[in-house]
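Residue numbers (our numbering), protein chains in the order written: chain C, 1 to 402; chain D, 1 to 402.
Number of protein chains: 2
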Amino acid sequence: MSKFFEILYVPFKPITKKLETCPKCSTQTFVIQAGMIRGKVRFHCKTCDYHFTQEHPEKASPQKQVHTTIKDIANIMGVSIATVSRALNNKSDISPKTRDAIQKLALELDYNPNLFAKGFQRGETKTIGVVIPNIKRPFFAGVLSGIQEVANEHGYRVMICQSNESYETEVTNIQGLLASHVDGLLISHSKETTCFNQIKNLFEKGLPMVHFDRICTEVETPKIRQEDFEGAYQLVEHLIQQGYQRIAILAGPPELLISQKRKEGYISALEKHGLPVKSEYMVHGDFSKEFALASVDAWQQLPEPPDAIFAIHYLNAVEIIQYSKELGIEIPKQIGIVGFGDEYLAEIVDPALTVFHLFPQKVGEVAASLLFDVISKKHVSQQEDVLVQGQLIIRKSSLKKA
Amino acid sequence: MSKFFEILYVPFKPITKKLETCPKCSTQTFVIQAGMIRGKVRFHCKTCDYHFTQEHPEKASPQKQVHTTIKDIANIMGVSIATVSRALNNKSDISPKTRDAIQKLALELDYNPNLFAKGFQRGETKTIGVVIPNIKRPFFAGVLSGIQEVANEHGYRVMICQSNESYETEVTNIQGLLASHVDGLLISHSKETTCFNQIKNLFEKGLPMVHFDRICTEVETPKIRQEDFEGAYQLVEHLIQQGYQRIAILAGPPELLISQKRKEGYISALEKHGLPVKSEYMVHGDFSKEFALASVDAWQQLPEPPDAIFAIHYLNAVEIIQYSKELGIEIPKQIGIVGFGDEYLAEIVDPALTVFHLFPQKVGEVAASLLFDVISKKHVSQQEDVLVQGQLIIRKSSLKKA
DNA sequence: ACACCTATCGGTAACGTTTACGAAGACTTT
DNA sequence: AAAGTCTTCGTAAACGTTACCGATAGGTGT
Numbered sequence: 001m002s003k004f005f006e007i008l009y010v011p012f013k014p015i016t017k018k019l020e021t022c023p024k025c026s027t028q029t030f031v032i033q034a035g036m037i038r039g040k041v042r043f044h045c046k047t048c049d050y051h052f053t054q055e056h057p058e059k060a061s062p063q064k065q066v067h068t069t070i071k072d073i074a075n076i077m078g079v080s081i082a083t084v085s086r087a088l089n090n091k092s093d094i095s096p097k098t099r100d101a102i103q104k105l106a107l108e109l110d111y112n113p114n115l116f117a118k119g120f121q122r123g124e125t126k127t128i129g130v131v132i133p134n135i136k137r138p139f140f141a142g143v144l145s146g147i148q149e150v151a152n153e154h155g156y157r158v159m160i161c162q163s164n165e166s167y168e169t170e171v172t173n174i175q176g177l178l179a180s181h182v183d184g185l186l187i188s189h190s191k192e193t194t195c196f197n198q199i200k201n202l203f204e205k206g207l208p209m210v211h212f213d214r215i216c217t218e219v220e221t222p223k224i225r226q227e228d229f230e231g232a233y234q235l236v237e238h239l240i241q242q243g244y245q246r247i248a249i250l251a252g253p254p255e256l257l258i259s260q261k262r263k264e265g266y267i268s269a270l271e272k273h274g275l276p277v278k279s280e281y282m283v284h285g286d287f288s289k290e291f292a293l294a295s296v297d298a299w300q301q302l303p304e305p306p307d308a309i310f311a312i313h314y315l316n317a318v319e320i321i322q323y324s325k326e327l328g329i330e331i332p333k334q335i336g337i338v339g340f341g342d343e344y345l346a347e348i349v350d351p352a353l354t355v356f357h358l359f360p361q362k363v364g365e366v367a368a369s370l371l372f373d374v375i376s377k378k379h380v381s382q383q384e385d386v387l388v389q390g391q392l393i394i395r396k397s398s399l400k401k402a
Numbered sequence: 001m002s003k004f005f006e007i008l009y010v011p012f013k014p015i016t017k018k019l020e021t022c023p024k025c026s027t028q029t030f031v032i033q034a035g036m037i038r039g040k041v042r043f044h045c046k047t048c049d050y051h052f053t054q055e056h057p058e059k060a061s062p063q064k065q066v067h068t069t070i071k072d073i074a075n076i077m078g079v080s081i082a083t084v085s086r087a088l089n090n091k092s093d094i095s096p097k098t099r100d101a102i103q104k105l106a107l108e109l110d111y112n113p114n115l116f117a118k119g120f121q122r123g124e125t126k127t128i129g130v131v132i133p134n135i136k137r138p139f140f141a142g143v144l145s146g147i148q149e150v151a152n153e154h155g156y157r158v159m160i161c162q163s164n165e166s167y168e169t170e171v172t173n174i175q176g177l178l179a180s181h182v183d184g185l186l187i188s189h190s191k192e193t194t195c196f197n198q199i200k201n202l203f204e205k206g207l208p209m210v211h212f213d214r215i216c217t218e219v220e221t222p223k224i225r226q227e228d229f230e231g232a233y234q235l236v237e238h239l240i241q242q243g244y245q246r247i248a249i250l251a252g253p254p255e256l257l258i259s260q261k262r263k264e265g266y267i268s269a270l271e272k273h274g275l276p277v278k279s280e281y282m283v284h285g286d287f288s289k290e291f292a293l294a295s296v297d298a299w300q301q302l303p304e305p306p307d308a309i310f311a312i313h314y315l316n317a318v319e320i321i322q323y324s325k326e327l328g329i330e331i332p333k334q335i336g337i338v339g340f341g342d343e344y345l346a347e348i349v350d351p352a353l354t355v356f357h358l359f360p361q362k363v364g365e366v367a368a369s370l371l372f373d374v375i376s377k378k379h380v381s382q383q384e385d386v387l388v389q390g391q392l393i394i395r396k397s398s399l400k401k402a
């Protein structure tokens with residue numbers, strides 16, 4: 001019956017324009033159409049001179065709540081949000097009874113404060129940014145680990161970016177970190193980076209920054225130095241003491257400070273012991289395996305090939321060891337090999353590699369500590385460089401005498 | 001003269017209480033002291049019944065501006081902040097002339113939006129959290145690299161936490177990431193973790209999550225699986241084909257799914273080829289070097305020592321190779337060794353290690369992609385597991401026939 | 001009974017951004 | 001010229017939290 005009725009009954013649709021009621025003066029007279037706006041029909045009440053659009057009745061948006069807020073707690077407890085905030089932050093001006101009750105409820109609702117809102121309100125984010133060339137390199141992984149540890153102790157979070165040795169990516173990364181309003185920056189530049197206008201700008205704006213490893217000398221930030229000169233000196237001196245006479249160096253890109261410093265240490269050790277510094281023994285590469293092996297080939301073509309190789313990057317040293325074995329060159333008898341940076345690899349390779357270990361974790365810890373000093377304005381001196389000591393680890397690859 | 005006057009003239013200091021003026025009704029009568037509050041003297045005007053404290057005249061705080069805001073731009077341009085927002089976001093309802101002018105100015109002031117404020121307003125942070133046991137492990141470093149790459153493509157930032165294989169730290173980390181209101185979570189559990197209430201809770205609350213590597217089966221999150229079973233099967237089958245008969249397995253903690261899966265693959269391969277599955281050849285350790293070497297010792301004491309070892313962790317495999325050489329056991333002649341996970345180390349160690357490579361970077365990329373699918377609600381099926389394929393890489397350590 | 005005091009609570013601005021919606025014109029059609 | 005149209009801009013609310021300040025109740029001392 002009702003079905004029948006439904007079929008027969010066709011609601012009357014008025015063709016004449018429906019009269020709109022002004023929401024302000026509640027009159028239907030003198031309400032005229034006044035164009036379209038954002039897809040909706042617009043009206044104008046001439047009585048009270050008011051523009052309005054048609055209401056959308058379906059406005060119920062049942063957004064499910066993911067996070068508990070202090071407002072929720074305040075509503076349940078029947079107190080103000082200010083009281084809840086005081087209770088949760090153990091501030092004064094609150095009775096122990098109320099405080100405990102609120103804290104208990106917060107625990108039950110597993111409330112945790114929106115750090116973004118908090119940081120937003122206080123103008124700090126409790127986050128630091130780290131820019132490194134590559135996470136996968138064990139050295140930087142170690143540094144990161146150290147940074148994380150210290151940051152956690154200080155209640156800070158860490159945001160990591162990889163430049164992949166690209167200047168452009170580095171600039172983008174820093175821009176991104178800046179947009180995230182990090183409280184401070186830890187930087188190790190890409191090997192491409194030669195223009196430091198961006199960080200110079202940021203430094204002048206007062207953004208706390210600390211450089212490590214791939215340092216920039218153009219800006220007076222605190223820097224974490226490693227024993228690049230000292231380590232190179234010790235390595236080369238050790239080679240000389242083992243009886244090696246013609247020591248070659250495989251350095252990195254000449255722009256990199258670590259290349260320069262390590263080369264200086266190399267030269268200094270040679271001069272100290274009265275050995276000639278020959279340009280044909282000094283090569284600048286790009287840390288690639290191809291370049292390392294090509295350098296070995298080139299050296300072998302010399303009338304006086306070197307009897308020891310100092311590769312400033314441990315990976316190159318390992319690659320040279322492998323390659324030398326292929327060529328039938330005996331290590332350390334015919335040629336001695338040393339490198340920078342101690343990874344597990346140096347111990348495993350046969351013969352084991354003599355290295356100068358840099359303690360990456362320590363570098364990270366020191367860098368982060370220094371950054372937090374800058375952030376909390378603890379240290380007064382603008383530029384404060386810290387030297388992280390390394391250690392000479394002697395293994396078979398350089399023991400000619402043994 | 002004036003100096004003289006100054007010396008002689010001592011201003012009259014009234015001993016009687018200074019009359020305070022009510023800031024509301026501007027009268028001095030009936031203004032009485034009304035206790036102390038927050039270290040300041042409080043007054044009460046009885047005329048208008050108003051409480052007030054003494055004003056602090058020095059209120060000028062010349063806070064130096066570090067970041068440019070849209071309000072700054074709006075003030076300079078003489079427009080409203082809404083207009084600036086529209087201009088910078090290329091929204092409609094703005095004239096090209098105004099838009100270009102604003103964008104030009106923004107560029108000059110090198111404005112970048114406060115992502116915290118933006119995320120705060122939109123309820124999203126464009127940040128994902130990653131929880132891993134240890135950054136320094138090459139596998140996780142590779143995964144991170146992959147995650148970063150995909151995250152960058154999606155315009156997301158990454159926040160990384162290390163659990164250091166501690167359940168407690170893991171819980172704290174996740175809590176911290178949650179407080180940072182990350183939009184999603186990528187988790188690889190610590191080997192201690194056996195209680196999953198926390199993430200179960202979060203999953204039910206609707207927080208996008210993806211598991212990888214160290215998976216949790218109790219929660220129906222999407223998971224990135226690796227070819228643990230398949231890889232183990234292939235490795236062991238390869239050993240059998242090389243003529244090894246008594247194959248031992250050095251597994252990890254029995255709770256870990258990768259331990260179980262790889263062991264299953266090991267057993268399956270043995271059974272398939274009609275070899276006996278002996279309990280004395282199956283050991284669960286903690287991935288430590290000490291345990292690995294002790295296991296080798298124990299196996300050597302058996303009446304029938306194994307002639308091949310499958311270490312599910314490549315580092316243990318490398319350690320066993322070194323140890324075997326010390327013991328004078330010839331590889332691969334007397335004993336064959338294979339492992340999981342290909343790092344540079346496996347290639348360098350002598351003899352080079354046969355491994356099943358897991359492509360960590362790929363794992364990271366897939367995990368991140370899947371997470372962004374969940375975040376953008378693209379995928380419909382609740383649980384969607386993805387298998388990242390590995391590859392068997394055969395090297396000397398298992399080539400008995402050669 | 002009044003001045004004075006303390007403890008505890010509420011109201012609200014502010015942080016930077018986006019967005020819904022109204023206002024104010026200029027222009028076009030009846 | 002009134003009605004309708006479109007473009008462009010401003011206003012204000014909202015997000016979660018903290019901090020400043022005032023309000024109130026209940027004291028103590030004179």
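For each residue, glycine too, the CB sits at the ideal point set by N, CA and C. This structure is a prediction, so every number in the text was calculated from the model and none was measured.
Query	Result
Could you give the first and the last residue of the continuous alpha helix (DSSP H) run that contains D:LYS191?	From DSSP, D:LYS191 is part of no alpha helix (DSSP H); its letter is neither H nor E.
Give the single residue among D:THR47, D:HIS51, D:LYS24, D:ALA87 whose Cα lies nearest to the Cα of D:GLN33.	D:HIS51
Under 8 Å, CB to CB, which of the residues in the segment 76-104 of chain C have a partner in chain D?	none
Starting from C:TYR281, trace the alpha helix (DSSP H) both ways and give me its first and last residue.	Taken as a continuous stretch (DSSP letters only), C:TYR281 belongs to no alpha helix (DSSP H), as it is neither H nor E.
Classify D:SER295 as buried or exposed, calling it buried when 16 or more other Cβ atoms lie within 10 Å of its own Cβ.	buried
Compile a chain-ordered list of the residues in the segment 346-369 of chain C whose CB is closer than 7 Å to at least one CB of chain D.	ILE348, VAL349, ASP350
From what residue to what residue does the alpha helix (DSSP H) around C:GLN322 run?	314-327
Taking only beta-carbon atoms, is C:VAL66 less than 7 Å away from chain D?	yes
Taking 7 Å as the CB-CB limit, is D:LYS205 close to chain C?	yes
Flag this pair as touching only if the segment 111-124 of chain D and the segment 65-74 of chain D have three or more C-beta atom pairs under 8 Å; answer yes or no.	yes
Rounded to the nearest angstrom, what separates D:GLN391 and D:ALA179 at their Cα positions?	39 Å
With a threshold of 7 Å between beta-carbons, can D:ILE320 be considered close to chain C, or not?	no
Buried or exposed, going by whether 16 or more other CB atoms sit within 10 Å of the CB of D:LEU302?	exposed
What ranges does the alpha helix (DSSP H) occupy inside the segment 109-173 of chain D, keeping only unbroken runs of at least 4 residues that lie completely in it?	115-122, 138-153
How far does the beta strand (DSSP E) with D:VAL338 in it reach, from first residue to last?	336-340
To the nearest angstrom, report how far apart D:ALA87 and D:GLY252 are at their CA atoms.	57 Å
Name the chain D residues whose beta carbon is nearer than 8 Å to that of C:PHE116?	PHE116, GLY119, PHE120, THR125, SER180, HIS181
At the level of alpha carbons, what is the spacing between D:ASP49 and C:VAL79?	26 Å
Quick check on C:CYS22: buried or exposed, where buried means 16 or more other Cβ atoms within 10 Å of its Cβ?	buried
By the criterion of Cβ-Cβ separation under 9 Å, what are the contact partners of D:VAL158 in chain C?	MET159, ILE160, CYS161
Give me the chain C residues within the contact set of D:ALA141, using Cβ-Cβ distance strictly less than 7 Å, ordered along the chain.	ILE135, LYS136, ALA141
Consult DSSP for C:TYR244 and reduce its assignment to one of helix, strand or coil.	coil
Any Cβ of chain C within less than 7 Å of the Cβ of D:SER145?	yes
Taking 7 Å as the threshold (beta carbon to beta carbon), is C:GLN198 in contact with chain D?	no
Count the other C-beta atoms from every protein chain shown that fall within 10 angstroms of the C-beta of D:GLN241, then say buried if there are 16 or more, exposed otherwise.	exposed
Mind pulling the chain D residues with CB within less than 9 Å of C:GLY39?	What C:GLY39 touches in chain D: nothing, since even the nearest Cβ is about 12 Å away.
Could you name the residues that DSSP lists as bridge partners for D:GLN103?	The partner list for D:GLN103 (beta bridge, DSSP) is empty, contrary to what the question assumes.
Taking 7 Å as the limit between beta carbons, can you name the residues of its chain near C:GLN196, skipping five residues before and five after?	For the record, residue 196 of chain C in the displayed sequence is Phe; it is not Gln. Contacts found: CYS216, GLU218, VAL219.
Classify C:LYS59: buried if its beta carbon has 16 or more other beta carbons within 10 angstroms, exposed otherwise.	Annotation note: pLDDT 40 at C:LYS59 (below 50); position unreliable, coordinate value reported separately. With fewer than 16 other Cβ atoms within 10 Å, it is exposed.
If you run the structure through DSSP and keep just helix, strand and coil, what is D:PHE291?	helix
Relative to the alpha-carbon of C:TYR323, which residue among C:LYS289, C:ALA346, C:ASP183 has its alpha-carbon at the smallest distance?	C:LYS289
Measure from the C-beta of D:ASN316 to each C-beta in chain C and report whether the shortest distance is under 7 Å.	no
Could you tell me whether the Cβ atoms of C:TYR233 and C:SER268 are closer together than 7 Å?	yes
Going along chain D, which residues have a C-beta under 7 Å from C:PRO113?	ALA179
Which partner residues of C:PHE212 appear in the DSSP bridge assignment?	C:ILE224
Below 7 Å between beta carbons: does that hold for D:GLU343 and D:PRO138?	yes
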